[in-house]
Amino acid sequence: MVTRIIHIVLSPLIALVVAVFLLGLSRIVIARIHRRYGPPIYQPIIDIIRLMNQQSISHGTLFELGVVLALAGSIVTVLFIPLGGTNAPPGSYPLAHGLLCPLSSSGGLLVVIYLMLFGPVSIALGAGASENPNASIGVSRKMLLALAYEVPFLLVILAIMSHYGTISIAEIVSRQQDSAWGVFSVPLSAVAAFLILPAMLGIRPFDLVGAPQEIASGPLAEYGGRYLALLTIQNGIQVFVVIALFVNLFLGGGVNVITFLLKVFAVFLAAELVSAVLPRVRIENALRFCWTWPTGLALAQMIITVVSR
Amino acid sequence: MTTAELVRALRHDFGAAIQSVEEPVSDKVRVAVTPESVVAVAKSLYRDYGARFLITAGIDSRKDRDGFDVDHIFSLDKEQIFFIVRTTVPSDGPHVAAITPEVPAAAWAERELQDLLGVKADGLLDGRRLILPDDWPEGVHPLRKDIKYGDWPPLGDGTGEATYPWKPAPEGTSTVVVGPFFPVLEEPTQLRLYVDGERVIDCDYRGFYNHRAIEKMGDSELTYNEIPFVAERICGICGFIHSSCYCEAAEEALGITAPRRARYIRSLMLELERIHSHMLWTGIAGHILGFDTVLMQTWRMREPLMWLCEKISGNRKTYGMNIIGGVRRDISRDLYPEILSVVEKIEQEWAQLYDAVQGDTILKARLVGVGMLPEETAKALAAVGPTGRGSNQAIDARADHPYAAYDEVPAKVITHPDCDNWARVVVRLEETLESVRWIREGLKEMPDGPVMATDIAETVPAGHWGVCTVEAPRGEAIHYLVTGGDNRPDRWRVRAPTYANLQALPSMIKDETIADVPITLGSMDPCFSCTERVEVVNMRSGEAETLTHQELLTRSRAATERLRGR
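So the sequence lines, in the order shown, correspond to chains W and U. Residue numbers for the first sequence follow this note's numbering, so the first one is 147 and each next one is one higher. Residue numbers for the second sequence follow this note's numbering, so the first one is 92 and each next one is one higher.
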């Protein structure tokens with residue numbers, strides 16, 4: 147019981163620290179590709195502290211509630227995702243010490259799919275309350291984009307569930323640690339998931355939800371001060387959740403927290419490198435893209451998996 | 092067709108309506124016509140002789156002949172002719188028939204005429220204010236001679252409630268306001284988009300938030316030799332074209348010939364300026380599309396060029412080299428190899444970028460078929476520069492009206508038939524390479540000799556005029572100069588290229604999505620000007636005090652008074 151409580155506190159804490167670190171790392175990676183120096187890695191922390199101290203203008207209860215719900219949703223999602231460790235009997239992995247996933251036994255993938263939609267919907271709710279036309283365009287883009295990547299994402303999840311015959315992420319991770327990683331056993335799904343990763347992370351070429359040059363940061367247009375600080379944290383955690391899920395489903399999770407986080411950084415770097423050399427697309431292009439290549443690949447893998455069983 | 096034939100044809104068609112003809116320099120004609128026939132003559136020039144409308148200059152000539160001169164300036168590009176149609180209207184309740192219904196490109200020019208000279212243009216469909224602020228009092232027209240430079244109209248009624256009569260939003264649309272300050276527009280301008288979902292149904296434009304009264308300064312404060320330095324500050328990116336254009340127009344009006352070497356140096360600096368401007372633009376275009384890697388890389392490539400300009404002129408930008416009669420600084424022959432090596436390095440890197448852009452499918456998806464400006468529309472609205480050339484209009488002042496050294500070393504006119512944002516990108520990328528080629532040729536041909544004319548008369552006769560166009564990176568700039576007394580022009584009319592291109596914007600963004608508006612606007616490389624509004628926050632008490640328009644105006648006027656030492 148005590149371990150469980152410690153895990154419930156520890157999990158979001160790791161997510162928070164890594165999320166802020168990822169945001170800082172992203173800026174440095176992009177700066178290096180631009181041949182700039184870029185800010186120090188702790189720049190997001192400075193930004194968040196500064197934003198916390200700035201005047202925050204509210205547009206009503208719903209506007210504030212959106213922020214709180216989005217952040218809460220993201221933090222709760224973390225609890226359902228294994229952050230390294232293993233369920234395997236002691237001895238088989240010397241450095242492993244139990245699975246770090248406080249709510250591993252309840253719901254698994256299905257719950258995560260629902261909870262991951264919680265963030266976008268809450269932000270849509272809050273931004274909608276601001277009645278800024280740029281925000282409402284951003285919200286409509288966010289919803290369309292979610293629709294675009296949810297289709298291949300669900301197919302990917304279905305293929306994995308039918309391959310491993312379970313909806314428990316912990317189970318899927320330990321199965322991968324015993325045999326081959328998901329990237330080898332369901333390769334087309336892994337490719338499809340990597341293709342929609344930028345859309346799920348909201349980075350280029352799919353950063354159209356908050357495109358500053360087009361719609362003045364979209365849903366974030368009216369958010370400032372501590373609301374923006376909280377949403378920055380929320381965004382970081384959301385990024386962490388998506389990548390952690392990818393690592394768990396395709397890269398065998400991690401036998402301990404360290405190897406897990408190393409894999410998270412590797413995937414994040416790969417996604418950022420792709421993102422830095424691409425321009426932003428329009429929402430129609432995003433829909434068309436997500437519903438052709440990733441959907442096609444995910445569907446093919448699902449058929450192969452179902453047939454070969 | 093020569094000017095003589097053209098004048099003969101017009102005399103045949105309009106008889107006594109053509110009152111007088113002046114041609115002080117060959118191929119630059121000014122005909123005076125009666126106010127009744129101005130529309131017919133303009134229409135005939137535009138429709139029958141293929142003349143392109145450039146700009147209208149209104150002149151307050153009440154002290155000479157009790158009237159206002161309205162000069163419509165046209166260009167016959169193929170024949171290399173400037174053709175000015177002048178009409179003089181009586182000073183009492185001045186009004187003139189608008190040529191806009193026949194020559195659509197004149198729309199803004201005639202609205203400006205109403206605002207600044209108070210000459211009413213009869214028959215304008217859209218006669219709203221273009222330049223004057225919303226709370227500017229009726230009947231005060233700043234370009235009239237009885238208004239002194241720096242005069243202020245009385246403050247409005249203080250309510251600050253004067254508003255612009257925006258076009259009503261069409262049925263079933265919502266309004267998205269872009270500007271006056273918006274992330275991608277670093278300069279003040281306001282665009283109201285009437286959208287249905289993400290699709291732009293219609294739009295309305297309001298700009299000129301920071302009109303700097305430079306023309307007024309030119310005819311009431313500055314002297315002939317001071318103007319080049321103010322002209323260069325019209326634009327922070329392509330200022331040299333304005334000082335070159337003014338100097339060439341003034342030299343023509345005053346009968347001065349700049350030495351060959353000086354003209355080569357002008358061309359050289361103009362081409363260096365074009366390269367840096369196109370590189371800057373390519374970066375900005377990348378930034379608009381969220382492609383910041385392009386922004387950083389092009390600006391990195393551009394930096395050595397800025398250093399080179401600093402070495403030549405003493406400044407990265409705003410070179411301050413032009414003066415009537417030549418240039419103030421010679422370029423040492425020792426610098427030639429360095430100039431060549433810098434631009435050839437750019438050429439090499441630019442060719443790589445060009446290939447990368449050509450092969451980028453996402454960029455193409457964003458640019459091809461977006462922001463269409465069909466050839467007929469481009470022609471009717473007289474779009475210039477890469478905006479016009481991207482719609483297959485072979486308009487380039489360097490070829491149409493050669494100035495500086497382009498008569499000896501011509502520049503190739505680059506056009507593209509696609510009429511979309513992609514075409515405008517390709518035109519600019521290729522023009523950059525063409526400018527490098529010009530510099531290579533130009534340096535080879537550049538003669539030795541003096542850089543300043545010596546036979547300059549002490550006094551300048553009044554009533555002479557000159558007109559010149561210079562191809563800026565964004566399109567052609569036009570300067571029209573009428574000499575006056577007091578060692579300064581009677582009228583100095585400037586038209587920057589964006590003035591012409593912005594008028595084409597509504598048709599370019601119609602039926603596009605909001606996502607494409609910034610890049611379409613960016614594709615014409617718009618150049619507005621900069622200003623700021625203020626909110627004062629008392630840090631200690633945390634109280635924010637927002638200044639009203641009225642208070643801002645009062646404060647800034649007090650500050651100006653202080654500076655003037657009144």
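Glycine included, every Cβ here is placed at the ideal spot set by N, Cα and C.
- Task: List the whole-angstrom C-beta distance separating U:GLY417 from U:ALA353, where the pair is believed to meet the contact cut-off of C-beta under 8 Å.
- Result: Residue numbering aside, residue 417 of chain U sits at position 326 when the second sequence is read from its first letter. Residue numbering aside, residue 353 of chain U sits at position 262 when the second sequence is read from its first letter. The Cβ separation is near 4 Å, so the contact holds.
- Query: From which residue to which residue does the alpha helix (DSSP H) around W:PRO501 run?
  - Reply: The question about residue 501 of chain W has no answer, for chain W in this structure spans 147 to 455.
- Task: Would you kindly report the start and end of the unbroken beta strand (DSSP E) that includes U:SER152?
- Result: Position 61 of the second sequence holds residue 152 of chain U. It is not in any beta strand (DSSP E) - U:SER152 carries neither H nor E in the DSSP assignment.
- Task: Verify whether the separation of the beta carbon atoms of W:ILE342 and W:GLY328 is less than 9 Å.
- Result: By one-based count along the first sequence, residue 342 of chain W stands at place 196. By one-based count along the first sequence, residue 328 of chain W stands at place 182. It is not a contact, given that the beta carbons lie outside the stated cut-off.
- Query: For U:VAL267, which option in U:GLU277, U:LYS258, U:VAL286 has the closest C-alpha, if you only look at C-alpha atoms?
  - Reply: Numbered from its first residue, the second sequence carries residue 267 of chain U at position 176. Nearest option by C-alpha distance: U:VAL286.
- Message: From the DSSP secondary-structure annotation, give me the bridge partner or partners of U:ALA568.
- Response: Taking the first residue of the second sequence as position 1, residue 568 of chain U is located at position 477. BP columns for U:ALA568 point to U:VAL561.
- Task: Indicate whether at least one CB of chain U lies closer than 9 Å to the CB of W:ASP193.
- Result: For the purposes of this step, residue 193 of chain W is taken as the residue at position 47 of the first sequence. With 9 Å as the cut-off, W:ASP193 does not count as an interface residue toward chain U.
- Query: Cβ of U:THR266 less than 9 Å from any chain W Cβ?
  - Reply: As a first step, residue 266 of chain U is located in the second sequence; it is residue number 175 there, counting from the start. Yes - at least one Cβ of chain W is within 9 Å of the one on U:THR266.
- Where the beta strand (DSSP E) through U:PHE299 begins and ends: For the purposes of this step, residue 299 of chain U is identified with residue 208 of the second sequence, where counting begins at 1. It is not in any beta strand (DSSP E) - U:PHE299 carries neither H nor E in the DSSP assignment.
- Task: Only counting runs of 4 or more residues, tell me where the alpha helix (DSSP H) segments fall wholly within the region 101-149 of chain U, in order along the chain.
- Result: Those alpha helix (DSSP H) runs which fall completely within the region 101-149 of chain U and span 4+ residues are 129-139.
- Message: Taking contact to mean 3 or more Cβ pairs, one atom from each stretch, closer than 8 Å, check whether the region 307-320 of chain U and the region 334-353 of chain U are in contact.
- Response: yes
- Task: Give a yes or no on whether the minimum CB-CB distance between U:ALA595 and chain W is below 9 Å.
- Result: Locating residue 595 of chain U in the second sequence gives position 504, where the first residue counts as 1. False, the Cβ-Cβ gap to chain W never drops below 9 Å.
- The alpha helix (DSSP H) with U:LEU472 in it runs from where to where? Position 381 of the second sequence holds residue 472 of chain U. Unbroken run through U:LEU472: none, as it is neither H nor E.
- Using 9 Å as the limit for Cβ to Cβ distance, is W:LEU374 near chain U? Indexing the first sequence from 1 puts residue 374 of chain W at position 228. By this cut-off, W:LEU374 is not an interface position.
- Message: Please identify the residue among U:VAL475, U:THR389, U:ILE453 whose C-alpha is closest to the C-alpha of W:ARG181.
- Response: Counted from its first residue, the first sequence places residue 181 of chain W at position 35. Among U:VAL475, U:THR389, U:ILE453, the Cα nearest to that of W:ARG181 is on U:THR389.
- Query: Smallest Cα separation from W:VAL224: which of W:ILE192, W:MET346, W:VAL413, W:ILE154?
  - Reply: As a working note, residue 224 of chain W is residue 78 in the first sequence. With distances taken between Cα atoms, W:VAL224 lies closest to W:ILE154.
- What residues of chain U sit near W:GLU360, judged by a beta carbon separation below 7 Å? For the purposes of this step, residue 360 of chain W is identified with residue 214 of the first sequence, where counting begins at 1. Going along chain U in sequence order, the residues near W:GLU360 (Cβ under 7 Å) are ILE605, ALA606, PRO609.
- Message: Less than 9 Å between the C-beta atoms of U:LEU363 and U:VAL434, yes or no?
- Response: Your numbering for residue 363 of chain U matches position 272 in the second sequence. Your numbering for residue 434 of chain U matches position 343 in the second sequence. For U:LEU363 and U:VAL434, yes; Cβs fall inside 9 Å.
- Message: When you compare the CB of W:SER276 with every CB in chain U, is at least one pair closer than 9 Å?
- Response: Counting from 1 along the first sequence, the entry for residue 276 of chain W is found at position 130. No, no contact with chain U.
- Item | Neighbour flag for W:SER286 against chain U, beta carbons, 9 Å | What you label residue 286 of chain W is simply residue 140 of the first sequence in a count that begins at 1. So yes, W:SER286 belongs to the interface.
- Message: Just checking: is the beta-carbon of U:ALA456 within a distance shorter than 9 Å of some beta-carbon in chain W?
- Response: Within the second sequence, numbered from 1, the residue matching residue 456 of chain U stands at position 365. Yes, U:ALA456 counts as interfacial toward chain W.
- Query: chain W partners of U:ILE437, CB-CB under 9 Å?
  - Reply: Translated into the one-based positions of the second sequence, residue 437 of chain U becomes position 346. Simply none; closest approach about 16 Å.
- Proximity test, Cβ basis, 9 Å: W:ILE429 and chain U: Taking the first residue of the first sequence as position 1, residue 429 of chain W is located at position 283. Proximity of W:ILE429 to chain U, defined by a Cβ-Cβ separation below 9 Å, is satisfied.
- What does W:ASP353 touch in chain U if you count any residue whose Cβ is under 7 Å from its own? Working through the first sequence from its first residue, we reach residue 353 of chain W at position 207. Under the 7 Å cutoff, chain U gives GLY381.
- Task: Sort out for me which residues DSSP pairs U:ILE164 with in a bridge.
- Result: For this step, residue 164 of chain U is matched to residue 73 along the second sequence. Per DSSP, U:ILE146, U:ILE175.
- Message: Excluding the 5 residues flanking U:ARG648 on each side, which residues of the same chain have their C-beta closer than 7 Å to its C-beta?
- Response: Taking the second sequence and counting its residues from 1, the one referred to as residue 648 of chain U is at position 557. Around U:ARG648: TRP243.
- Hey, could you find the ends of the beta strand (DSSP E) U:TYR240 is sitting in? As a working mapping, residue 240 of chain U is identified with position 149 in the second sequence. Per DSSP, U:TYR240 belongs to no beta strand (DSSP E) and is neither H nor E.
- Beta-carbon contacts of W:VAL332 that lie in its chain and below 7 Å, excluding the five residues immediately before and after: For the purposes of this step, residue 332 of chain W is identified with residue 186 of the first sequence, where counting begins at 1. Within the same chain, W:VAL332 has close Cβ partners ALA305, ILE306, HIS309, GLN447, THR451.
- Task: Return the bridge partner residues of U:LYS436 from the DSSP annotation.
- Result: Along the second sequence, one-based indexing puts residue 436 of chain U at 345. DSSP lists no partner for U:LYS436.
- Item | Same chain, Cβ closer than 7 Å to U:THR651, five either side skipped, listed in chain order | Translated into positions along the second sequence, residue 651 of chain U becomes position 560. Same-chain partners within the cutoff: there are none.
- State buried or exposed for U:GLY381, treating a residue as buried only when at least 16 other CB atoms are found within 10 Å of its CB. For the purposes of this step, residue 381 of chain U is identified with residue 290 of the second sequence, where counting begins at 1. By the neighbour-count definition (other C-beta atoms within 10 Å, threshold 16), U:GLY381 is a buried residue.
- Query: Mind pulling the chain U residues with CB within less than 8 Å of W:ASN280?
  - Reply: Position 134 of the first sequence, counted from the start, is the residue given in the question as residue 280 of chain W. Near W:ASN280 (Cβ distances below 8 Å), the residues of chain U are VAL267.
- Message: Looking only at its chain, what residues have a beta carbon closer than 8 Å to the beta carbon of U:MET630, apart from the 5 residues adjacent to it on each side?
- Response: In the second sequence, the residue the question calls residue 630 of chain U occupies position 539. Note that U:MET630 scores a pLDDT of 44, beneath 50, so its modelled location is shaky; the value from the coordinates is reported in the next line. So no residue of the chain qualifies.
- Query: In terms of residues, what are the limits of the alpha helix (DSSP H) holding U:LYS307?
  - Reply: As a first step, residue 307 of chain U must be located in the second sequence, where it is residue number 216. 305-311 is the span of the alpha helix (DSSP H), which, as asked, contains U:LYS307.
- Task: Please name the residue in U:ILE356, U:TRP513, U:GLY377, U:SER111 whose C-alpha comes closest to that of U:PRO541.
- Result: For this step, residue 541 of chain U is matched to residue 450 along the second sequence. Residue U:ILE356 is the option with its Cα nearest to U:PRO541.
- Query: Can you tell me the Cα-Cα spacing of W:VAL393 and W:ILE449, whole angstroms?
  - Reply: Position 247 of the first sequence holds residue 393 of chain W. Position 303 of the first sequence holds residue 449 of chain W. Roughly 23 Å between the two C-alpha positions.
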